[in-house]
Structures are given as structure tokens and as C-alpha cells.
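Chemist:
Numbering (the numbering used here), first residue to last: 31 to 231.
(1) Taking all protein chains shown into account, decide if residue 69 is buried (16 or more other Cβ within 10 angstroms of its Cβ) or exposed.
(2) Looking at C-beta atoms only, is the number of pairs between the region 61-76 and the region 202-212 that lie closer than 8 Å three or more?
(3) I need the boundaries of the alpha helix (DSSP H) containing residue 191, first residue and last residue.
(4) So, at 8 Å on beta carbons, what are the nonlocal neighbours of residue 215 in its own chain, with the 5 sequence-adjacent residues on each side left out?
(5) Within the continuous alpha helix (DSSP H) that includes residue 143, where are the two ends?
(6) Going by C-alpha distance, which of 163, 170, 217 is nearest residue 192?
(7) Anyone know if the C-beta pair for residue 161 and residue 71 falls short of 8 Å?
(8) Find out if the Cβ-Cβ distance for the pair residue 120, residue 75 is shorter than 8 Å.
(9) Assign residue 82 to buried or exposed, taking buried as 16 or more other Cβ atoms, counted over all protein chains shown, within 10 Å of its Cβ.
(10) Within 8 Å, do at least three Cβ pairs link the region 146-157 to the region 102-118?
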């Protein structure tokens with residue numbers, strides 16, 4: 031028996047096996063959750079900043095609170111949200127790049143229940159985003175309506191409260207989509223080589 035030299039294919043296979051190990055550690059559930067939550071939080075923060083920017087550019091009452099339940103000026107809320115977006119989106123993108131670098135991937139079979147959850151998350155993210163944008167337009171066109179109930183069919187909630195609730199739905203839905211998409215692939219089985227391949231008879 032003899033060991034293969036460093037340039038032999040067997041040792042190159044060791045590198046592939048090591049890459050698989052690194053990739054598996056980058057796909058740990060904890061890192062995937064951090065990546066997904068950070069992206070969802072950054073997404074919601076960008077929507078808050080857009081709403082405050084619209085009021086600052088086209089409105090006249092940026093000193094009013096973004097939401098009446100919290101005494102925080104709209105322009106201040108926008109500045110804070112912009113800073114949060116920078117940090118969280120950068121963290122999420124970094125984790126995504128680490129996860130996607132390395133060996134090839136292959137799709138993972140998904141159950142009907144998981145696909146249903148992803149479908150609901152997709153639609154919830156789209157509709158809640160549209161609702162936030164609509165109410166943010168109301169905030170600079172006729173801001174007085176933010177403290178008025180959304181519909182004549184019920185005395186609650188107000189437009190401002192619905193916008194905050196929609197932001198929460200955006201955060202959860204976008205984070206769920208990101209997590210499910212991140213777990214939709216795994217390292218290709220063709221790249222998984224046992225360590226014994228580096229030893230030849």
C-alpha cells in the first residue's frame with residue numbers, strides 16, 4: 031500500500047470533502063435563522079425608511095410620530111430604520127454569500143406542507159408590502175387619516191396601526207421565505223467523498 035502524493039486526485043478529493051464539511055457548518059439551523067431574521071428585519075426597516083422619506087420629501091409634518099402609539103418623530107424613525115437596514119442587510123448578505131460559496135448544490139424534496147407555508151409566505155409578503163406602501167402614501171398626502179379607523183365597518187384599527195401590523199407581517203413573511211429558500215438546497219451528493227479516498231492500495 032502507498033499514500034497518494036499531494037497532487038494526486040485522491041488528495042484533491044480530500045479538499046472536496048473538507049469543502050462539504052465547511053458548507054454543512056455554514057448551513058447550520060442557527061445561521062440560517064439569523065440570516066432569515068436579519069433579512070426580514072432589514073426589509074421592514076427599508077419600508078419604514080421609504081415611508082419617512084416620502085413624508086420628508088412631499089409632506090409637511092415629519093415631526094409627527096410615525097405611529098401614534100410611540101412618540102417617535104417620523105424623520106427620526108426613518109433615520110433609525112435606515113441604520114438598522116444597513117446592518118441587518120449586510121449581515122444577511124454576508125451569511126448568504128458564505129452559504130452559497132463552495133461545492134455545487136442540489137434541490138431538496140419538499141413536502142406539500144412546506145410548499146404551502148412558502149406559498150402563504152410569498153403572498154403575505156407581497157400583499158403586506160403593498161399595504162405598507164399604500165398607507166405610507168396616505169401619510170404624506172393626507173396624514174390626518176392615520177389616526178382614523180381603516181374602514182367604516184369597524185372602529186378599530188386605525189390606518190397607522192394597520193401599517194405597523196403590516197410591517198410585522200412583512201418581517202415574518204420575508205424571513206420565512208428566506209429560510210425556506212435557504213433550506214431548499216443541500217451540498218450535491220456527487221461532491222461528498224469519504225476520507226478513505228485519499229488512500230490507495
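Heads up, the beta-carbon is just placed ideally off N, CA and C, and yes, glycines get one too.
Modeler: Let's see:
(1) Classification of residue 69: buried, given that the 10 Å Cβ count is 16 or more.
(2) The region 61-76 is in contact with the region 202-212.
(3) Following the DSSP letters along the chain, one finds residue 191 inside the alpha helix (DSSP H) bounded by residues 189-212.
(4) Take residue 215, set aside five residues on each side of it, and the residues of its chain with a beta-carbon closer than 8 Å to its own are 135, 136, 137, 138, in chain order.
(5) Going by DSSP, residue 143 is part of the alpha helix (DSSP H) stretching over 142-171.
(6) Ranking 163, 170, 217 by Cα distance to residue 192 puts 163 first.
(7) Residue 71 sits away from residue 161, with the two beta carbons spaced by 8 Å or more.
(8) Not in contact: residue 120 and residue 75 (Cβ atoms no closer than 8 Å).
(9) That one is buried.
(10) No, the region 102-118 does not touch the region 146-157.
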